[in-house]
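Take a look at the structure below.
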Amino acid sequence: MKKFFWFLIVVLIGIQFISVEQSNPPVKEEMPMPPEVKNILTRACYDCHSNLTEWKWYSKIAPISFLISHDVKEGRAHLNFTEWDYYSMNEDKVRREIWEEVLNERMPPWSYRVINPKGKLTDEDKAIIRNWSLTR
Ligand code: HEC
21 MKKFFWFLIV VLIGIQFISV EQSNPPVKEE MPMPPEVKNI LTRACYDCHS NLTEWKWYSK
81 IAPISFLISH DVKEGRAHLN FTEWDYYSMN EDKVRREIWE EVLNERMPPW SYRVINPKGK
141 LTDEDKAIIR NWSLTR
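Numbering (the working numbering), first residue to last: 21 to 156.
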């Protein structure tokens, strides 16, 4: 038991030296949205879907750092609000997808909501997102 404990400590220290990608590339074009929507999305989505990620202190500690880096990489690859491309992206479609994720409570992911109070969306937040997504 004691040996296992020391083994665990050594592993936990060892993995701290594995480097992970945690950078914020420059912001390019931002997805167009009214300020009231931007307030909500900046708060609840930008950590994973933008180049303005707020890297918290615990995001530097392995193995949590691996999970967070992976989420940000995946999130940015699927949808990056700060690398908006007017030519190739369909704004209406993206807005509908956003509402669908929010409505079904898939976004922000529950693991994020548990740790980050700012990730919780109130009924009012949801109504604002819904209006923006479904009206044109
Ligand atoms: C903790 C990181 C994280 C946060 C915060 C987050 N997302 Fe995501 N999001 C992801 C990841 C990872 C994926 C891709 C994998 C998946 O669909 O689960 C994704 C996928 C999506 C997709 C699907 C895109 C596609 O091409 O299929 C939409 C839409 C989306 N997120 C919207 C949002 C919105 C809106 C918010 C805020 C209300 C948000 N996300 C917050 C990590 C995050």
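Here a beta-carbon is modelled for each residue, glycine too, at the ideal position from N, C-alpha and C.
> Is any heavy atom of ligand 1 found at a distance shorter than 6 Å from the C-beta of Ala64?
Replying inline: On the sequence shown, position 44 is the one that residue 64 refers to. Flag set: Cβ of Ala64 near ligand 1.
>> Do Gln42 and Arg75 have their beta-carbon atoms positioned less than 7 Å apart in this structure?
In response: Mapped onto the sequence shown, residue 75 falls at position 55. Mapped onto the sequence shown, residue 42 falls at position 22. Reading the sequence as shown, one finds Trp at residue 75 and not Arg. For Trp75 and Gln42, yes; Cβs fall inside 7 Å.
> To the nearest angstrom, how far is it from the Cα of Lys48 to the Cα of Thr102?
Replying inline: To locate residue 48, count along the sequence shown from 1; it is residue 28. To locate residue 102, count along the sequence shown from 1; it is residue 82. For Lys48 and Thr102, the distance between alpha carbons rounds to 6 Å.
> Given that a residue counts as buried once 16 or more other Cβ atoms are within 10 Å of its Cβ, and exposed if not, what is Trp152?
Replying inline: The count along the sequence shown starts at 1 and reaches residue 152 at position 132. So Trp152 counts as buried.
> Ordered along the chain, which non-local residues of its own chain (more than five positions away) have a Cβ less than 8 Å from that of Lys140?
Replying inline: In the sequence shown, the residue the question calls residue 140 occupies position 120. The residues are Ala64, Arg133.
>> Suppose only complete runs of 3+ residues qualify. What are the beta strand (DSSP E) ranges in the region 54 to 131, listed by chain order?
In response: none
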